[in-house]
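Working notes for the structure below.
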Amino acid sequence: MTASPARQTDAAPLVTIEGGASFVQNPGDASLLQAALRAGLGLPYECSSGGCGSCRIQVLAGEVETLWPDAPGLSARDRRKGLQLACQTRACGDVTIKVGLDRACAPRVTPQVTTLELAATRDLTRDIREFSFRAPGPADFIPGQYAILRTGDGLRRCYSMSNLPNAEGIWEFQIKRVPGGAVSNALFDMAPGATLDLDGPYGLAYLVEDSTRPVVLIAGGSGLAPMISLARAIGADPSRRLDFFYGGRTAADICGETHLVDLPGFGDSLLYHPVVSTLEDPLSAGWQGLSGFVHEVVGRQMGESLREAEIYFAGPPPMAEALQRMLMLDLKVPFEQIHYDRFF
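According to the numbering used here, the stretch in the sequence shown is residues 1 to 344, in order.
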């Protein structure tokens, strides 16, 4: 059964997974998903924001609060079956749920909530800004992961880190300002010294550290951030081939090269391929580089060599869906060599 809104009991709810495992939903946990991952359990997930549907659960006993009743991650059939999304559900008291755990989803770095202070910003394009935050403790994550940024008025949004883990507590993000986007606009209105909370890290499309395959990174729009983080990690080894594709709508939307030029092997083993999709726009005047949809350019440039590569990508859903079709169906790239988190 569900209740929305609902009163939470004074004691932290105990969540029991059918079959034996259990965890506590503490006051700082925004959802059952966050509570399970903080407890080290491999509850399946991807986006943490209600869009992908990977974290479907069934509530067998007890009462829960549904945070987003219309979340697109649940189909009409899911709703008829009484399924819930763990990322959009909070326990109102002790509950029992049914879900299949997956060891691959268990966090390698335990997600924590910490307060960040905005240290500096810089504009990368007309609508993408780089934010540098400082935390009181180390920034602990794996390149390719994301965090949930929470503003003071309770708004939450997932953004990927663009830097590398570090002991200095620096968390960097490259965020696109979305027209009408409550969180992105709130972030763009922040001034140095302002604070917000970070919950993370999350995400499964992180660096495969024991692979020696060549790497292809593909980004579109604000999908730039996790690819820059991965490039910084992988590019430290100039003996490993790395091709970085970045797609923008116009030439004015192209960025990323300045983050790569100082990496070992740039221009040799590390190649940057900017791609513009709309040459007719005045903002693309004079563009002489690659053009077309970025997934099509990747296919033309790399071809069957993609079957031998580790491939990471992030960007708008149409780009991600087109890449999935091309890589999995057309080129038959092994699934375990394709790394992405679905966002909507």
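Note that the Cβ used here is the ideal one computed from N, Cα and C, for glycine as well. Since we're looking at a predicted model, the values are computed, not measured.
Legend entry - Between the CA atoms of residue 77 and residue 226 - distance to the nearest angstrom: Distance from the CA atom of residue 226 to the CA atom of residue 77, rounded to whole angstroms, is 34 Å.
Inset, instruction - For the segment 118–125 and the segment 175–192, state whether three or more C-beta atom pairs, one from each stretch, are separated by less than 8 Å. - result: Yes, they touch.
Inset, instruction - Could you name the residues of the same chain whose beta carbon sits closer than 6 Å to that of residue 328, not counting the 5 residues immediately before and after it, in chain order? - result: Answer for residue 328: no residue qualifies.
Inset, instruction - Would you please state the rounded distance, in angstroms, between the beta carbons of residue 240 and residue 214? I believe it to be under 8 Å. - result: The beta carbons of residue 240 and residue 214 sit about 7 Å from each other, so the pair counts as a contact at 8 Å.
Legend entry - Local conformation of residue 177 per DSSP, three classes: In the structure shown, residue 177 sits in coil (DSSP, three-state: anything other than H, G, I, E or B).
Inset, instruction - Would you be able to state if there are at least three C-beta pairs under 8 Å between the segment 63–73 and the segment 98–105? - result: The segment 98–105 is not in contact with the segment 63–73.
Inset, instruction - Using 10 angstroms around the beta-carbon of residue 174, count the other beta-carbons present and answer buried if the total reaches 16, otherwise exposed. - result: Result: buried.
Inset, instruction - Please report how far the alpha carbon of residue 170 lies from the alpha carbon of residue 193, in whole angstroms. - result: Distance from the CA atom of residue 170 to the CA atom of residue 193, rounded to whole angstroms, is 14 Å.
Inset, instruction - Would you grab the beta carbon distance between residue 332 and residue 300 for me? Rounded to a whole angstrom, and I think it's under 8 Å. - result: In fact, because the Cβ distance is near 17 Å, the residues do not count as touching under 8 Å.
Legend entry - Given residue 152 as reference, the closest of 196, 315, 129 once Cα atoms are compared: Scanning 196, 315, 129 for the CA closest to the CA of residue 152 turns up 196.
Legend entry - DSSP bridge partner residues for residue 130 (one or two, in chain order): Note: residue 130 sits in a beta bridge opposite 122, 174.
Legend entry - residue 176 classed as buried or exposed, judged by whether at least 16 other C-beta atoms fall within 10 angstroms: Buried is the call here.
Legend entry - Any 3 or more C-beta pairs closer than 8 Å across the segment 246–264 and the segment 273–292: Yes, since at least three Cβ pairs between the segment 246–264 and the segment 273–292 fall closer than 8 Å, the two stretches touch.
Legend entry - residue 113 beta carbon less than 7 Å from that of residue 28: In contact: residue 28 and residue 113 (Cβ atoms closer than 7 Å).
Inset, instruction - Assign residue 288 to one of two classes, buried (16 or more other C-beta atoms within 10 Å of its C-beta) or exposed (fewer than that). - result: Exposed is the call here.
Inset, instruction - Have a look at 91, 182, 305, 232 and flag the residue whose alpha-carbon is nearest the alpha-carbon of residue 11. - result: Nearest Cα to residue 11 within the set 91, 182, 305, 232: 91.
Legend entry - Beta-carbon spacing of residue 164, residue 232 below 7 Å: A contact, by the Cβ cut-off of 7 Å.
Legend entry - Three-state secondary structure (DSSP) of residue 245: Note: residue 245 maps to strand in three-state DSSP.
Inset, instruction - Name the residue from 62, 84, 35 whose alpha carbon lies nearest to the alpha carbon of residue 55. - result: Taking residue 55 as reference, the option from 62, 84, 35 with the minimal CA-CA separation is 84.
Inset, instruction - Could you say which of 218, 126, 204 lies nearest to residue 295 if we only look at CA atoms? - result: In this structure, 218 is the residue among 218, 126, 204 with its C-alpha nearest to the C-alpha of residue 295.
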